[in-house]
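To start, the structure under review is shown below, and the notes come after it.
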Amino acid sequence: MGNNNEDGLNNNNNNNNNIENRKVKLNNTGDEIPFSMGNASSSPSAPPPYQPSIQPLYQPPTQNQFLPQYQQQQQQQQQHYQPQYQPINNMSYQPIQQQQQQQSNFPPTQYQPNNMNYMASPQPLLQPQIMTIQPTTFSNSQTTTTTTLSNQPLQTLYIPIDSEFYPSYTPQFLYKKDDERTYGIGTSLKDSSFNEMINNKITNIFIKTRMIPQVNDDLLNTIVNCKNLEHLNLSGCVQFSSTLFSKQISRLNQLKSLNLNGCQQITNDNLCKISNSCKHLEEIHLNGCNRVDDQGIVDLVSKCKKIKILSMSGLNLLTDRSMTMICQKLQDLQSLCINHIQWFTEKSLMLIGKKFKNSLRCFYAYNTLITDSVLSDIAINCSSQLSVINVSKCKNITNTSIATIAINCGKMLTKLFLQNIECLSIHSISLLGKYCTQLTTLRLDGCLNLMDDSIQSLQPLERLKILNLSNLPKINEISLIRILPSLKDLEELYLYENPRFSDLTIKQLSISNPRITSLRVDKTVFVSDASIIPFTNSVSYLRVLNLSGLQSIHDSSIMALATSQKFIQKLYLSGCKSIGNDSLFAITGHMSSSLEVLKIDDSHQFTEEALSSISLLKGLKILSISHCVHTTNNTIDLIGYNCRELEQLYMCKLPMVNDAVLPALLSNLCKLKILRIDGCVNMTDRSLTGIRFLNRLCLEVFNCSDSRIGCGGLLTILQQSSIRELYAWNCDYITDDILKTIANDASSIQILRLDGCKNISDKGVRTLIQRCPLLRILNISNTKSSDETLQTVAGYCKRLKKLYANNCTKITSSGISAIAYQCNELTILNASRCANITDNAIIDISLKCKLLKRLILNYCPKITSQAIIRVSVGCQMLKEISLKGCTNLDEMGVLSLSTYCKRLQYIDFTDCHLVTDLSILGIGRECLLLKSVILTGTAAQDNGVIEICVRSNVNILTLDLERTRISDRAVQIIAQMCPAIKNLNLLNTQITPQSIDSVKHTCFLLTNLQSK
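In the numbering used here, the protein residues as written are -19 to 992.
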């Protein structure tokens, strides 16, 4: 997207965390989980599977909890317990410590950190009762058994941490580069060698990156001449027509594997033709084929019954009908990917484990609504084969299913992804450490409830090679330091956004883990030269290093890195203000043969000479030099001429660069997929107008926002590439006539930003929207758009997920209701300052948009608590709500949010004068994941603020209490309980200087403190 935030639509897009995420999504063939076609044997003596249940400590397990029939186990009621608190001396609150562990399965933690009073935080009072039961031949008895796990070595596979993870395309691993049976198309159709090779005994064809934009109907007609073709990879090719594909696919009746990832033109008819012709098909990848619905999948699996690998990520039109037919028709499915599909329910998902009991090895359900019952059933039935599980961002998953996975799949499980499952705790993680000793990859980042005991329980996982413990604010570095010596094979460690990590961790890595190849410590604050220099001198295989945002890193560290680590492939130094030209010269002088990714944006200190030396890095694929203000046209010309492998180029806000560089840049960089020139105020379309490039561009993401590019430049780009994401905010040169002109070349656009374009209205926007059926994200904020635009969006873009219509004063309830009824997948709605929106429109949103996560209705005076109550009940996945200036919001509306929306992380009730301290108390007590709380101008008092600080303590990053009635008592609690707070506003309160000083002395990460 060119942006790494959740919605991808903020102006400031310089986040480091997911710079590789775009690369993975654009090319799904090389950066995913490899899948082996080999058979895995299961032990005949393996114990029967069991599912644990979670009960309070004071209730012993009963026989009813361990019925041999899983259908009976489904009826168990899961109980939820919340942490309790007790006042101390009426002045401070501390969390009651976790009850002592009373079961043999959970030995006491060996280490208890000292001097941690201000960092103490609550833990859920949940304890699973684990019992493994084996039915006997006697009708009324069962035998308790204990299982032991073998230490069978498994092959290590390398996985990029910032990706969604699909099954990989198998032929990539079956064929060697010099295999005469495989051919990569990378030359023109007119090349004689191409035509000669294509007619020989080729069994595997793939498209090289530079040729992907040129794969059209002519090339497809040539490919089908290979009568013996077994493997065809057309990933990312969007220029061939679906009509011709349906006609020609019948000639490839020997196909065994087909990769159509990102081919958005593929329809149900294409899948029907595939099923009629390719009866031997064993593997098909359809990730991102957005037009496919149930009928296409039903036709496919009804006739291609030999399919073993089925990847359907992002096919959001699929329902239970597809999954039911998959389970009924396929016999030997080994890998299944259903990432992002929100409409599969338990009814169909429960069939997976039973049908593919002896075959399923890899299961990908990233960001789905899969439940504990489904995941437990899969773990129980497929325990003999299952080796890869990805349930990251699955909000319905709890300790129960993860404990079931640990006990039943421990022998085979090698990769487990649990990113952002916030309710996980020691009770399931300790079982992973105990049973899953074959794990090589474990991702726990964003599991906010994990504490030191959870990290220490991972010590038995000696085979771990990839470990992600990022964004875990409750853990201390000493817990990781204790287990690092046990992880001798560790190669990739990710610790970004952990405020408590320092040089001690890096020094321990230098001593105990010399085989480390990838390290991310960006945004850890306290890492400095003192550890980076010895680290770079100790490790031998470093390939990836991210030090972004670390202000204690100087030239000495980078020069030591450059001289000792000459084979680094990816280096991130964004925002490292303390390094200078010497660092950049050292990088370009010593890493010219290896470096593929370099990110140094937001670095004003580099001179033109130093920046020009980047052209020596001829192998670069990703380069970010945004905000490097000394960059000139000469710098860009040198980079464009020498760095021919570039796929992503970020050059935002470069005041000395103009459009004269664009023709040569686009001509030379034939592999370029992402180009950002936003904020380059001297960029016009003068040099691009009328230009015809020799080859079609690979460009898929183009950001020309806040520049002077107009019709000629946009038309040239859109006509000669397949743009999926177009960002053109704050472009005064874009008018309705321009939008009408480019509409015919905009059919592939999925993300469109036109916010702040003052010269566009319904006429131009509607014409463009009608040509964008794949649109998922739309921003028309601060334009003249009205209900007519929203009704057009509702009619033509039914898969819209994010809508930003801030300050569109002509929009009324009619337009919002149209979106609600037609765009049921909506997750984000921003309709701030649309004063004519009433409760009726928001009630329609609550009834139809059950997946809504962010609702921003600032300064909508007609919104009342009646609408917010309905939203609370209907949209329980809500993470962010902002009702700034909604003066009709009262206590009942806020209390309803606390009752139903337990996942809230960001709230803003600024100037909602009817919001009381009692309602804030309810928010604090029920919503335990709060990160940002803005209560300016409300009736909030000490009790509500204290409840928030005590319950959500280490999560809190922002507290805005301006013009509230708080006292020193609340500020003292903030100082004690909120160690990670960064932004605190106490303006116009009655806080004394002594309390302000206590906050300054205890909250070490505080960067923005506002007070009298």
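No residue lacks a Cβ here, since even glycine has one placed at the ideal position from N, Cα and C. Since the structure is predicted, the reported quantities are computational estimates derived from the model, not experimental observations.
Excluding residues up to 5 positions away in sequence, PHE506, VAL507, SER508, ALA510 and SER511 lie with their Cβ nearer than 8 Å to the Cβ of ASP483 in the same chain. Judged by their CB atoms, SER991 and GLN970 are not nearer to each other than the 8 Å cut-off. ASP502 places its beta carbon 8 Å or farther from that of MET539. The criterion of a C-beta distance shorter than 8 Å is satisfied by SER459 and ASP432.
Taking each of CYS691, GLU705, GLN700 and ALA726 in turn and checking the Cα distance to THR715, the smallest one comes out for CYS691. It is roughly 27 Å from the alpha-carbon of LEU522 to the alpha-carbon of SER372.
Annotation: ASP712 to LYS468 spans about 57 Å, alpha carbon to alpha carbon. Cβ-Cβ distances below 7 Å link CYS362 to GLY333, PHE336, LYS337 and LEU340 in the same chain, with the five nearest sequence neighbours on each side left out; the list follows chain order. Using a Cβ distance threshold of 8 Å, TYR886 and SER852 do not count as a contacting pair. When DSSP states are grouped into helix, strand and coil, PRO193 belongs to the helix group.
Around the beta carbon of LEU674, fewer than 16 other beta carbons lie within 10 angstroms, which makes this residue exposed. At the C-beta level, LEU596 and GLY620 stay beyond 8 Å of one another. Distance from the CA of GLU576 to the CA of LYS651, rounded to the nearest whole angstrom, comes to 14 Å. For the options LEU449, LYS653, ARG943 and SER437, the alpha carbon positioned closest to that of ILE401 is the one of LEU449. Ranked by Cα distance from LEU668, the options ILE657, ASP639, CYS660 and CYS684 are led by ASP639. Residue pairing for VAL913: DSSP places it in a beta bridge opposite ILE887 and LEU939.
For LEU837, the closest alpha carbon among the candidates GLU942, ASN816, SER148 and HIS607 is that of ASN816. Within the DSSP secondary-structure output, GLY390 pairs in no beta bridge.
Closest in alpha carbon position to CYS427, among CYS752, ASN379 and THR696, is ASN379. In terms of Cα proximity to LYS743, the closest of LYS859, LYS764, ASP977 and ASP735 is LYS764. Short of 8 Å from the beta carbon of THR587, and not among the five residues preceding or following it, lie these beta carbons of its own chain, in chain order: ASN561 and HIS610. In the structure shown, LYS550 falls within a strand segment according to DSSP collapsed to helix, strand and coil. LEU603 sits close to CYS623, with the two beta carbons spaced by under 8 Å.
The beta carbon of LEU224 lies closer than 7 Å to those of ASP197 and LEU200 in the same chain, with the five residues before and after it left out. Here the alpha carbons of GLU705 and TYR630 stand approximately 15 Å from one another. The beta carbons of MET872 and LEU832 sit no closer together than 8 Å. The beta carbons of LEU240 and HIS265 sit about 6 Å from each other, so the pair counts as a contact at 8 Å. With fewer than 16 other CB atoms across the displayed protein chains lying within 10 angstroms of its CB, LYS327 is exposed. Buried is the label assigned to ASP581, since at least 16 other Cβ atoms lie within 10 Å of its Cβ. Listed in chain order, the non-local C-beta contacts of PHE220 below 7 Å within the same chain comprise VAL195, ASN196, ASP197 and LEU200, local neighbours out to five positions each way being set aside.
Between ASP891 and GLY924, the CB-CB gap reaches or exceeds 8 Å. According to the DSSP secondary-structure assignment, LEU877 is paired through a beta bridge with no residue. Looking from the CA of GLN531, the closest CA among GLU457, ARG945 and LEU553 belongs to LEU553. Going by beta carbons, LEU910 and SER878 fall outside the 8 Å limit. Of ILE822, LYS181 and LEU732, the smallest CA-CA separation from LYS207 is found for LYS181.
Rounded to the nearest whole angstrom, the CA to CA distance from THR189 to ARG666 is 29 Å.
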